[in-house]
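In what follows, a single structure is set out as structure tokens and then discussed.
2 protein chains.
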Amino acid sequence: MLILRIMQQLDATDLRILTTLCAQPKASAVAVATELGLSRNTVQTRIARLETSGALLPFEQRINPAALGFPLTSFVHIHIQQRLLQGIVAQLVKIPEIIEAHGITGSADILARVVANGAEELFRVNGRILAIDGVERADTSLSMAALIPLRTGSLMNQRLFARETSGTQTL
Amino acid sequence: MLILRIMQQLDATDLRILTTLCAQPKASAVAVATELGLSRNTVQTRIARLETSGALLPFEQRINPAALGFPLTSFVHIHIQQRLLQGIVAQLVKIPEIIEAHGITGSADILARVVANGAEELFRVNGRILAIDGVERADTSLSMAALIPLRTGSLMNQRLFARETSGTQTL
DNA sequence: CCAAGATAGGGCAGGTTGCCCAATTATTTA
DNA sequence: TAAATAATTGGGCAACCTGCCCTATCTTGG
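Just so you know, the sequences run in chain order A and B.
Residue numbers are given in our numbering: position 157 of the first sequence equals residue 441, and the series is strictly consecutive.
Residue numbers are given in our numbering: position 46 of the second sequence equals residue 330, and the series is strictly consecutive.
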């Protein structure tokens, strides 16, 4: 329902287009085409497909929470009564500072990414989470440093490399 | 060194522009301007500033790892000999499947986001992490569901709302 | 061998960008 | 409060780009 099944593997051309766009986000289709030695039509078709197939995440992803006034990032491991998951998620969605959440395996049930403008707000959010019916514990880990900022370039290189050599991936 | 200090708080106009762009990522500056009742010049100036000030993260962020052939996401809590952090991070960066990593407080030292095309690859990556000198343990939590996909819209609403109600916030 | 799909190449009207400038508001600051 | 500074607006212009349409190759798989 979210992402189309049609999300088959991207081929080398798609990857080259994406790579070019990463380097020059504002590049026009024409620019990409000439740079890659493709026709404008091809590039436009590909990009359109990438957007509809779910290969491109929403623009929202590019907005920096820090710039919005939320410089602190923390990860909260939430332990819950699993049978109440549905309702708990519904409540979590209502907390704006929770900008991401995954249902995970392991001792905790949910891993949430929480941003805040300061420690107090973090504390407040923690309180709101604990107040939800079915939540039993919430362990917060504050991010002290973004050692590796979210990237996908490494994945694209991997794919391109794998294609060219056709061998086992290594590094 | 990463993000410019110039990243002062965004004002209501910036937020409105960003909100509009979220709704219509392909909207031209002219379109945004007319929709918000601003001049084209203003919108273009603002957007340019947002891009240079670090309020807009790199395009890379919009690429879906799943589309690249990495449908599995997991979170790995890494315990290390803290004095070896530097070198460990240097090694982690070389592992393409690690698309994000934070230095965190709590029992674990590093929280890494790892993607893979299958369980075996996850296992391989885990091995590579454990092989790094100074790494003592790596606990993997597989993401079974993206309960809340990364979002920032909630933050923008919060900010805009805060502005409208209480007039004190400098945002 | 044919059908389907992808790519190249060309065309055209209309919208858009980049850049520049002057006039008009805010907003600060002295 | 007045002067200085920054933000916004409105307009103009050439170059460029997009969206859409059509056709001719060229692969690829059945």
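Each residue gets a CB set at the ideal place from its N, CA and C atoms; glycine is no exception.
Would you grab the beta carbon distance between residue i and residue j for me? Rounded to a whole angstrom, and I think it's under 8 Å.
i	j	result
H361 of chain B	A315 of chain B	Contact flag wrong, Cβ pair sits at about 45 Å.
L294 of chain A	I383 of chain B	At roughly 16 Å, the Cβ-Cβ gap does not stay under 8 Å, so L294 of chain A and I383 of chain B are not in contact.
R324 of chain A	D298 of chain A	With a Cβ gap of about 16 Å, R324 of chain A and D298 of chain A do not count as contacting.
T303 of chain A	M440 of chain A	6 Å
I394 of chain A	M428 of chain B	About 10 Å separates the two Cβ atoms, so there is no contact after all.
Residue i: buried (16+ other C-beta within 10 angstroms of its C-beta) or exposed?
i	result
E404 of chain A	exposed
F407 of chain A	exposed
T357 of chain A	buried
A313 of chain B	buried
T336 of chain A	exposed
Q442 of chain A	buried
Tell me which residues share the same chain as residue i and place their Cβ nearer than 8 Å to its Cβ, disregarding the 5 neighbours each side in the sequence.
i	result
A422 of chain B	V360, H361, I362, H363, N410, I413, L414
Quick one: what's got a C-beta closer than 7 Å to residue i's C-beta in the same chain, skipping five residues either side?
i	result
G353 of chain B	N401
M285 of chain B	Bear in mind that the predicted position of M285 of chain B carries a pLDDT of just 36, short of 50, making it unreliable; the figure below should be weighed with that in mind. Cβ within range, chain order: n/a, list empty.
I372 of chain A	I364, I416, G418, V419
L340 of chain A	L334
Quick check: is the beta carbon of residue i nearer than 7 Å to any beta carbon in chain A?
i	result
V373 of chain B	yes
G402 of chain B	no
Q442 of chain B	yes
S498 of chain B	Look at the range of chain B in this structure, 285 to 455, and you will see that residue 498 of chain B is not part of it.
R324 of chain B	no
L320 of chain B	no
G390 of chain B	yes
T454 of chain B	The predicted position of T454 of chain B is uncertain, since its pLDDT is 39 and thus under 50; no value can be drawn from it.
List the residues that DSSP assigns as beta-bridge partners of residue i.
i	result
L340 of chain A	B:I347
V419 of chain A	A:I364
L426 of chain B	B:S358
L395 of chain A	A:H361, A:H386
A400 of chain B	B:L356
I432 of chain B	A:A385
Is there a Cβ of chain B sitting closer than 7 Å to that of residue i, yes or no?
i	result
L406 of chain A	no
R300 of chain A	no
F343 of chain A	yes
I331 of chain A	no
Give me, in chain order, the residues of the same chain whose beta-carbon lies closer than 6 Å to that of residue i; leave out the 5 immediate sequence neighbours on both sides.
i	result
R300 of chain A	L320
L426 of chain A	S358
K378 of chain A	none
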